[in-house]
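Colleague:
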Amino acid sequence: MKIRQFLVTLAAVVVFLVAPFAASAQKGGGGVDFDLQMRAYDLVDIQELAPGVLVELKYSTEDNFVGKDMYGTLERAYLVPAFAERVVKAQEILQRRNPNYTLLIYDAARPISVQRAMRRIVDGTEWESFVADGTKGGRHNFGVAVDLTIATLDGTPLDMGADFDEFSERSSVKGTPDSSDPATRTIDVYRSFVRGLQTSGVITKEQADNRILLLEVMCEAGLVPYRLEWWHFEYLESISTTRSKYKLLDF
Ligand SMILES: [Zn+2]
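This is the structure:
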């Protein structure tokens, strides 16, 4: 029994020591293999849990605010397993409400190297304040944030009244700064703010309805939006809690 325990411990030590070399072996030539790295950090591919969820990573195309493909071969949406379960729950809630609708994911876990590259591109520009710091990382860099919308089953996104990554007043879902106080981040708060946008003519009734549907299914599944981005959802916890609980995707 003792020998067996020793072997198990030895195996763990070997894995611990070898893992960094295995990781660096992916570098060079084609660069880091993001898929392998995501799995090495125990993240899950959302489509393995919910094949019906659509994924179109905007940073793996040139159709994003930096105008460059930042992800290369990465095409899949990875998340911390417990976070992914909430997205799966949201998909189930959405399809119960309307079987012709599905979630369409634009971004999920993001390597810190990509975050730093984004920051370098936006430094000194009007976009600067919209891109999380590349030193400590934002929630996407810990695998606990998702950017998404609702689409019809053929992949056509619903009209939310503002584009993904449109950094303007039209993208907001709440007027006051975010905090960790649950009372300030409820579906009622979001619903009344979005109806306010409709009333003041910033977005149409249809756009407000669509945005509220997304908010309702995500909140019911236990995730909350970032107030300036209708497409971004996260745990209701402070960034310092996120940084202490999860591993930074350090590749
Ligand atoms: Zn986001």
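Each residue of the sequence shown is one higher than the one before, starting from 947 at the first, in the numbering used here.
Yeah, the Cβ is synthetic: ideal placement off N, Cα and C, and Gly gets one too.
Computed from a prediction, not measured in an experiment: that's the story for all the values here.
What alpha helix (DSSP H) runs, 4 residues minimum, are completely inside the region 1048-1104?
Modeller: Within the region 1048-1104, the complete alpha helix (DSSP H) runs of at least 4 residues are 1058-1068.
Colleague: Does the beta carbon of Glu1175 fall short of 7 Å from some heavy atom of ligand 1?
Modeller: Working through the sequence shown from its first residue, we reach residue 1175 at position 229. Result yes, Cβ under 7 Å from ligand 1.
Colleague: Determine the extent of the beta strand (DSSP E) in which Val999 is found, giving its start and end residues.
Modeller: On the sequence shown, position 53 is the one that residue 999 refers to. It is not in any beta strand (DSSP E) - Val999 carries neither H nor E in the DSSP assignment.
Colleague: Hey, would you say Gln1061 sits closer than 8 Å to Gly1083, going by beta carbons?
Modeller: As a first step, residue 1061 must be located in the sequence shown, where it is residue number 115. As a first step, residue 1083 must be located in the sequence shown, where it is residue number 137. Yes, Cβ-Cβ distance for Gln1061 and Gly1083 is below 8 Å.
Colleague: My assumption, with CB atoms under 8 Å, is that Phe1113 sits in contact with Gln983. Please give the rounded CB distance.
Modeller: Within the sequence shown, the letter at position 167 stands for residue 1113. Within the sequence shown, the letter at position 37 stands for residue 983. That pair is no contact at about 29 Å.
Colleague: Could you please give me the residues that DSSP links to Tyr1024 through a beta bridge?
Modeller: For the purposes of this step, residue 1024 is identified with residue 78 of the sequence shown, where counting begins at 1. Answer is Asp991, bridged to Tyr1024.
Colleague: Who does Tyr1172 pair with in a DSSP beta bridge?
Modeller: Translated into positions along the sequence shown, residue 1172 becomes position 226. DSSP lists Glu1175 as partners of Tyr1172.
Colleague: Provide the residue(s) that pair with Glu1180 in DSSP beta bridges, ordered along the chain.
Modeller: Along the sequence shown, one-based indexing puts residue 1180 at 234. Ala1091 and Val1170, per the DSSP bridge assignment.
Colleague: Note the first and the last residue of the continuous alpha helix (DSSP H) segment covering Met984.
Modeller: Residue 984 sits at position 38 when you count from the first residue of the sequence shown. It spans Phe980 to Ala986 - the alpha helix (DSSP H) in which Met984 sits, taken as one unbroken run.
Colleague: DSSP three-state label for Tyr1136, please.
Modeller: As a working note, residue 1136 is residue 190 in the sequence shown. Helix at Tyr1136.
Colleague: Roughly how many whole angstroms lie between the Cα atoms of Gln972 and Leu1159?
Modeller: Here residue 972 refers to the residue found at position 26 when the sequence shown is read from its first residue. Here residue 1159 refers to the residue found at position 213 when the sequence shown is read from its first residue. Here the model assigns Gln972 a pLDDT of 37, short of 50, so the residue's position is not dependable and the matter cannot be decided.
Colleague: Residues in the same chain with beta-carbon distance under 7 Å from Trp1177, minus the five sequence neighbours each way, listed in chain order, please.
Modeller: Position 231 of the sequence shown holds residue 1177. Once the five neighbours on either side are set aside, the close Cβ partners of Trp1177 are Tyr1052, Asp1093, Leu1094, Thr1095 and Phe1110.
Colleague: Consult DSSP for Phe1029 and reduce its assignment to one of helix, strand or coil.
Modeller: Position 83 of the sequence shown holds residue 1029. It is helical.
Colleague: Hey, would you say Ile992 sits closer than 8 Å to Ala1023, going by beta carbons?
Modeller: Mapped onto the sequence shown, residue 992 falls at position 46. Mapped onto the sequence shown, residue 1023 falls at position 77. Going by C-beta atoms, Ile992 is nearer than 8 Å to Ala1023.
Colleague: Exposed or buried, what is Ser1118 when buried is set at 16 or more other beta-carbons lying within 10 Å of its beta-carbon?
Modeller: In the sequence shown, counting from the first residue as 1, residue 1118 sits at position 172. That one is buried.
Colleague: For the putative contact between Phe1139 and Lys1151, defined by C-beta atoms under 8 Å, what is the C-beta separation to the nearest angstrom?
Modeller: As a working mapping, residue 1139 is identified with position 193 in the sequence shown. As a working mapping, residue 1151 is identified with position 205 in the sequence shown. Contact doesn't hold; Cβ gap of about 15 Å is too wide.
Colleague: Considering only C-alpha positions, which residue in the set Arg1032, Tyr1005 and Gln1144 is nearest to Gly1013?
Modeller: Mapped onto the sequence shown, residue 1013 falls at position 67. Taking only the C-alpha atoms, the option nearest Gly1013 is Tyr1005.
Colleague: Is Ser1186 helix, strand or coil when you go by DSSP?
Modeller: Locating residue 1186 in the sequence shown gives position 240, where the first residue counts as 1. The answer is helix: DSSP assigns Ser1186 an H, G or I state.
Colleague: Quick one: Cα of Ala1097 to Cα of Asp1009, how far?
Modeller: Numbered from its first residue, the sequence shown carries residue 1097 at position 151. Numbered from its first residue, the sequence shown carries residue 1009 at position 63. Their backbone Cα atoms lie some 18 Å apart in a straight line.
Colleague: Mind checking Glu994: buried by the 16 CB within 10 Å criterion, or exposed?
Modeller: Within the sequence shown, numbered from 1, the residue matching residue 994 stands at position 48. With fewer than 16 Cβ atoms within 10 Å of its Cβ, Glu994 is classed as exposed.
Colleague: Any idea what DSSP makes of Glu1152, helix, strand or coil?
Modeller: In the sequence shown, counting from the first residue as 1, residue 1152 sits at position 206. Glu1152: helix per DSSP, three-state reduction.
Colleague: Among Leu1161, Asp1105 and Val1170, which residue has its Cα nearest to the Cα of Gln1153?
Modeller: Taking the first residue of the sequence shown as position 1, residue 1153 is located at position 207. Cα-wise, what sits closest to Gln1153 is Asp1105.
Colleague: Give the DSSP-derived three-state secondary structure of Leu1194 in the structure shown.
Modeller: The residue given as residue 1194 occupies position 248 in the sequence shown. In the structure shown, Leu1194 sits in coil (DSSP, three-state: anything other than H, G, I, E or B).
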